[in-house]
Amino acid sequence: MVLEKIKQPNDIKNLTEEELKLLPDEIRNFLIENLSKTGGHLASNLGVIELTMALHLLLDFPKDKLIWDVGHQAYTHKILTGRADEFEHLRQYGGMSGFPKRQESDCDSFDTGHSSTSLSAALGYCMARDLQGEDYKVVAVIGDGALTGGLAYEALNNASQLKKSNFLIVLNDNEMSISKNVGGMSTNLERLRTSSKYLGLKNNVLSSLESWPHGERIIRKIRSAKNGIKSLMVPNMVFEDLGIMYLGPVDGHNVKAMLDTFKMASNIEGPVLVHVITKKGNGYEPAERHPSRFHGTDIFEIETGLPQRSSNPGYTDVFSTVMRKMGDRNPEVVAITAAMADGAGLKRFRNMFPDRFFDVGIAEEHAVTFAAGLALGGRVPVFAVYSSFLQRAYDQILEDVCLQNLHVIFAIDRAGLVGADGSTHQGIFDVSFLSSMPNMTVMAPKNKWELSDMMKFAVAYDGPIAIRYPRGEAYCGLKEHRAEIVLGKAEQIKAGKKVMLLALGSMVKRAEEVEALLLDHGIDAGICNARFAKPLDEQYIRGLANDYDLIVTMEENVLTGGFGQQVQTFLVDNGYKGQVLKIAVPDEFVQHGSVTLLFKELKMDAQSIAERVLDALENRAN
171 MVLEKIKQPN DIKNLTEEEL KLLPDEIRNF LIENLSKTGG HLASNLGVIE LTMALHLLLD
231 FPKDKLIWDV GHQAYTHKIL TGRADEFEHL RQYGGMSGFP KRQESDCDSF DTGHSSTSLS
291 AALGYCMARD LQGEDYKVVA VIGDGALTGG LAYEALNNAS QLKKSNFLIV LNDNEMSISK
351 NVGGMSTNLE RLRTSSKYLG LKNNVLSSLE SWPHGERIIR KIRSAKNGIK SLMVPNMVFE
411 DLGIMYLGPV DGHNVKAMLD TFKMASNIEG PVLVHVITKK GNGYEPAERH PSRFHGTDIF
471 EIETGLPQRS SNPGYTDVFS TVMRKMGDRN PEVVAITAAM ADGAGLKRFR NMFPDRFFDV
531 GIAEEHAVTF AAGLALGGRV PVFAVYSSFL QRAYDQILED VCLQNLHVIF AIDRAGLVGA
591 DGSTHQGIFD VSFLSSMPNM TVMAPKNKWE LSDMMKFAVA YDGPIAIRYP RGEAYCGLKE
651 HRAEIVLGKA EQIKAGKKVM LLALGSMVKR AEEVEALLLD HGIDAGICNA RFAKPLDEQY
711 IRGLANDYDL IVTMEENVLT GGFGQQVQTF LVDNGYKGQV LKIAVPDEFV QHGSVTLLFK
771 ELKMDAQSIA ERVLDALENR AN
């Protein structure tokens, strides 16, 4: 196999032309086989195999810098830098990350995981290179979906100031984010793809000029005239209007065509954008037909593409059902997604109420302020978003929603530990940053029925309100405890003695497990479903101080600024003499691995919590 000859960076350059022709299919088969066992980002990686090969034939690693936007499409890059043997443990605890990581390889130039960052980081590399008098190449690969994010345009605007050195931008255009792209940039790129009149003329002219003496110099002069033929034949040449030379489109599955273009682009002073057309899921029919489903896939059957594990309905499914019902009952309810209609559970709402569904692209900041405008216009906007992506809109939540006390509902999916996607995707900060905002209400359901009840409460509420719920299967226990949701009121599930387990959201289930373990040791612990991280049920918590020597707060959020610290501060301020044991994620970034294993490593699993409670009681007795 040709792939066996790739042992370290730059080995691809030693392959023959015939071997280079065989390599894409070998990589494609390697990825399909391995990801069918581990899961991971399949469709996006199948689409950039040839593109990655062309870049590796151009660049010298680790001297040159290749920065991937988001980074979920860097699997071929990992293979070509000698990490094929590590795919057996891809995204598993202690194994290789599904994203570029500098600590993993000096060929990974920038730690990524979120969208639209590559151009800013790469431009920083360019400026540092020039200031230090170095000569390495800098390439940023950004998808067309990432160009819906505002940060990318801030970088493009700044990049035009780079005049005397090269910055190569590769636009990987597959018409997809996670969902299909929307908006003006998508429309503009479609015009560029289909401007055959211009493309035919350009290719003929360039082919002729390249054979002339001083042809390259003439080509550069022609390209510098951005208000000439191209402006007449291709509408909305936004890149060249920003001072960035545009080349393309180029077939993203033709290694030679891309390599020739990249070589030409890398010899031009200033920023150059090469527009590459690829197909997400290329070469594997199930992924080609369902690119969204294979964006991030669990283990699957290769022959059919069907998942091997059947799962019970998750919290996202429950939210989807509730949103459909809310949309049917209340015509003022509208839904917003940032390019994740499927992942965030809004597909059914979109299908039933297309006029009340808004996909704004990968633009969380815009989504929040857009929601503020909808609220002022008399609608009830629900912004469904992953916890780790909501962080990108901190300022807009604070300034545009909370400051004006607007009725915007934040449906926060993937709140807590998410597992294999790792540190960039763990949703463990939202309780802390949202609770610090005046006017904000923060809720978390204990089970699937409470999520439904909280959504109904949120729609009837008046003001900023967030409901956070975890990834994965929705808890079906405690159905008998389905009391009315009242603002700022907790729900006591069991009284107990001396020890109270005060749990928020997903940790109520774990509190049940801890209570059973403690009972085996003769400890009759109480259980309370906090329901609200903000406002706290101060009356109830004040009452706990009279009856319990140990109050154990439990949350799937970081300790700093979280629910537990709020409870402890309130108790201390009110003279509590007992002990507060705070179960929360420590002050660190949590790496990738199964959620079950991560809980154990963080000592947040039931057994570890029970042991910590017993230790606290023993220390108090001594």
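To get this note's numbering, take the position in the sequence shown, counting from 1, and add 170. From the three backbone atoms N, C-alpha and C, an ideal C-beta is built for every residue, glycine too.
Query raised in the report: Taking the alpha carbon of L229 as the point to measure from, which residue in A686, L674 and D305 has its own alpha carbon closest?
Result: Taking the sequence shown and counting its residues from 1, one reaches residue 229 at position 59. Closest option to L229, judged by alpha-carbon separation, among A686, L674 and D305: D305.
Requested in this report: Return the bridge partner residues of V446 from the DSSP annotation.
Outcome: Sequence index remark: in the sequence shown, residue 446 carries index 276 (1-based). According to DSSP, V446 bridges with N342 and V420.
**Report entry** Helix, strand or coil at Q735 [DSSP, three-state]
**Finding:** Position 565 of the sequence shown, counted from the start, is the residue given in the question as residue 735. Residue state, collapsed to three classes: helix.
**Report entry** For E274 and L544, the rounded distance between their alpha carbons
**Finding:** In the sequence shown, residue 544 corresponds to position 374, counting from 1. In the sequence shown, residue 274 corresponds to position 104, counting from 1. Annotation: L544 to E274 spans about 44 angstroms, alpha carbon to alpha carbon.
Query raised in the report: Rounded C-beta distance between A703 and A614? I'm assuming under 8 angstroms.
Result: Taking the first residue of the sequence shown as position 1, residue 703 is located at position 533. Taking the first residue of the sequence shown as position 1, residue 614 is located at position 444. Confirmed, about 6 angstroms.
Query raised in the report: Would DSSP call A292 helix, strand or coil?
Result: Residue mapping note: residue 292 aligns to position 122 of the sequence shown, counting from 1. A292 carries a helical assignment under DSSP once its states are collapsed to helix, strand and coil.
Requested in this report: Report, in whole angstroms, the separation of the C-beta atoms of A541 and F559, which I expect to be a contact under 8 angstroms.
Outcome: For the purposes of this step, residue 541 is identified with residue 371 of the sequence shown, where counting begins at 1. For the purposes of this step, residue 559 is identified with residue 389 of the sequence shown, where counting begins at 1. In this structure A541 does not touch F559 by the C-beta definition: roughly 14 angstroms separates them, more than the 8 angstroms allowed.
Report task. Could you work out which residue in G475, D717 and V678 is closest to A700 when comparing CA atoms only? Result -> Residue 700 sits at position 530 when you count from the first residue of the sequence shown. Residue V678 is the option with its Cα nearest to A700.
Query raised in the report: In terms of alpha-carbon separation, which member of F464, M415 and A505 lies closest to M434?
Result: Taking the first residue of the sequence shown as position 1, residue 434 is located at position 264. Nearest in C-alpha terms to M434, of all of F464, M415 and A505, is M415.
Query - First and last residue of the uninterrupted beta strand (DSSP E) at Y710 - result: Position 540 of the sequence shown, counting from 1, holds the residue named residue 710. No beta strand (DSSP E) contains Y710, which is instead part of the alpha helix (DSSP H) from E708 to D717.
Query raised in the report: Since L671 is in the beta strand (DSSP E), which residue starts that stretch and which ends it?
Result: Here residue 671 is taken as the residue at index 501 of the sequence shown, counted from 1. Run containing L671: K668 to A673, per the beta strand (DSSP E) assignment.
Query raised in the report: Terminal residues of the continuous alpha helix (DSSP H) containing K191?
Result: Mapped onto the sequence shown, residue 191 falls at position 21. Unbroken alpha helix (DSSP H) run through K191: E187 to T208.
Requested in this report: Measure the C-alpha to C-alpha separation of D181 and K175 and round it to an integer number of angstroms.
Outcome: The residue you call residue 181 lines up with position 11 of the sequence shown. The residue you call residue 175 lines up with position 5 of the sequence shown. Straight through space, the alpha carbons of K175 and D181 are spaced by roughly 7 angstroms.
Query raised in the report: Which term fits E535, buried or exposed, when burial requires 16 or more other beta carbons within 10 angstroms of its beta carbon?
Result: Here residue 535 refers to the residue found at position 365 when the sequence shown is read from its first residue. E535 should be labelled buried.
Query - Of the listed residues V601, G763 and V669, nearest to E788 (C-alpha basis) - result: Sequence index remark: in the sequence shown, residue 788 carries index 618 (1-based). Nearest of V601, G763 and V669 to E788, Cα basis: V669.
Query - Nearest-angstrom Cα separation, counted from D623 out to A244 - result: Residue 244 sits at position 74 when you count from the first residue of the sequence shown. Residue 623 sits at position 453 when you count from the first residue of the sequence shown. CA-to-CA, the gap between A244 and D623 works out to about 41 angstroms.
**Report entry** Whole-Å CB distance - G217 paired with K449, under 8 angstroms assumed
**Finding:** For the purposes of this step, residue 217 is identified with residue 47 of the sequence shown, where counting begins at 1. For the purposes of this step, residue 449 is identified with residue 279 of the sequence shown, where counting begins at 1. So it is a contact: roughly 6 angstroms between Cβ atoms.
Query - Candidates V783, P524 and M428, of which the one nearest P501 by Cα - result: The sequence position of residue 501 within the sequence shown is 331, counting from 1. Checking every option, the nearest Cα to that of P501 belongs to P524.
Query - Classification of E661 by the beta-carbon crowding that lies within 10 angstroms, buried from 16 upward - result: Here residue 661 refers to the residue found at position 491 of the sequence shown. Per the 10 Å Cβ criterion, buried.
Query raised in the report: Can you tell me the Cα-Cα spacing of E439 and S330, whole angstroms?
Result: Here residue 439 is taken as the residue at index 269 of the sequence shown, counted from 1. Here residue 330 is taken as the residue at index 160 of the sequence shown, counted from 1. The alpha-carbon atoms of E439 and S330 are separated by roughly 11 angstroms.
**Report entry** Three CB pairs or more closer than 8 angstroms across the segment 754 to 768 and the segment 632 to 639
**Finding:** With a cut-off of 8 angstroms, the segment 632 to 639 and the segment 754 to 768 do not count as touching, because too few Cβ pairs lie within range.
Query - Residue from E685, A325 and F337 with nearest C-alpha to S778 - result: Taking the first residue of the sequence shown as 1, we reach residue 778 at position 608. Selected option, being the one with the closest Cα: E685.
Requested in this report: Provide the residue span of the beta strand (DSSP E) that contains R638, from first to last.
Outcome: For the purposes of this step, residue 638 is identified with residue 468 of the sequence shown, where counting begins at 1. That run of the beta strand (DSSP E) goes I635 to R638.
Report task. At 4 residues or longer, and completely inside the segment 540 to 616: list those alpha helix (DSSP H) runs for me, N to C. Result -> Listed in chain order, the alpha helix (DSSP H) runs fully inside the segment 540 to 616 are 557 to 560 and 600 to 605, counting runs of at least 4 residues.
Query raised in the report: I think G658 touches G696, with their Cβ atoms under 8 angstroms apart; what is that distance to the nearest whole Å?
Result: Mapped onto the sequence shown, residue 658 falls at position 488. Mapped onto the sequence shown, residue 696 falls at position 526. Not a contact, Cβ separation roughly 20 angstroms.
**Report entry** Beta-carbon proximity of E708 to S676, cut-off 7 angstroms
**Finding:** Numbered from its first residue, the sequence shown carries residue 708 at position 538. Numbered from its first residue, the sequence shown carries residue 676 at position 506. Result no, Cβ atoms of E708 and S676 do not sit closer than 7 angstroms.
Query raised in the report: In its own chain, which residues sit with a C-beta less than 6 angstroms from the C-beta of A310, not counting the 5 before and 5 after it?
Result: Position 140 of the sequence shown, counting from 1, holds the residue named residue 310. Sequence-distant Cβ neighbours of A310 in its own chain, meaning closer than 6 angstroms and more than five residues away, are I237, S288, L289, A292 and I339.
Query - Assigned secondary structure, F523 (DSSP; H/G/I helix, E/B strand, else coil) - result: By 1-based counting over the sequence shown, the position of residue 523 is 353. When secondary structure is reduced to three states using DSSP, F523 falls in the coil class, being assigned neither helix nor strand.
Query raised in the report: At what residue ranges does the segment 232 to 270 contain a whole run of the beta strand (DSSP E), taking only runs of 3 or more?
Result: Under the rule that a run must span 3 or more residues, the beta strand (DSSP E) segments found entirely inside the segment 232 to 270 read 235 to 238.
Requested in this report: Return the CA-CA distance between T431 and T222, expressed in angstroms with no decimal places.
Outcome: Counting from one through the sequence shown, the residue named residue 431 turns up at place 261. Counting from one through the sequence shown, the residue named residue 222 turns up at place 52. A straight-line Cα-Cα distance of about 14 angstroms links T431 and T222.
Requested in this report: Report buried or exposed for V722, applying the criterion of at least 16 other Cβ atoms within 10 angstroms of its Cβ.
Outcome: Counting from one through the sequence shown, the residue named residue 722 turns up at place 552. Classification of V722: buried, given that the 10 Å Cβ count is 16 or more.
Query - Local conformation of E654 per DSSP, three classes - result: Reading the sequence shown from its first residue, position 484 is the one you call residue 654. In the structure shown, the three-state DSSP call for E654 is coil.
Query - Cβ neighbours of N328 in the same chain (closer than 7 angstroms, five flanking residues each side left out) - result: Here the question's residue 328 lines up with position 158 in the sequence shown. Same-chain partners within the cutoff: L293.
Query raised in the report: For the beta strand (DSSP E) that contains F470, what are its first and last residues?
Result: On the sequence shown, residue 470 is found 300 positions in, with the first residue counted as 1. Run containing F470: none; DSSP gives neither H nor E here.
Query - Boundaries of the alpha helix (DSSP H) in which L751 is found, first to last residue - result: For the purposes of this step, residue 751 is taken as the residue at position 581 of the sequence shown. Under the DSSP assignment, L751 falls outside any alpha helix (DSSP H), being part of the beta strand (DSSP E) whose first and last residues are Q749 to V755.
Query raised in the report: Would you say the segment 569 to 578 touches the segment 474 to 490, given that touching needs at least three Cβ pairs under 8 angstroms?
Result: Contact between the segment 569 to 578 and the segment 474 to 490 is absent: fewer than 3 CB-CB pairs across the two stretches fall below 8 angstroms.
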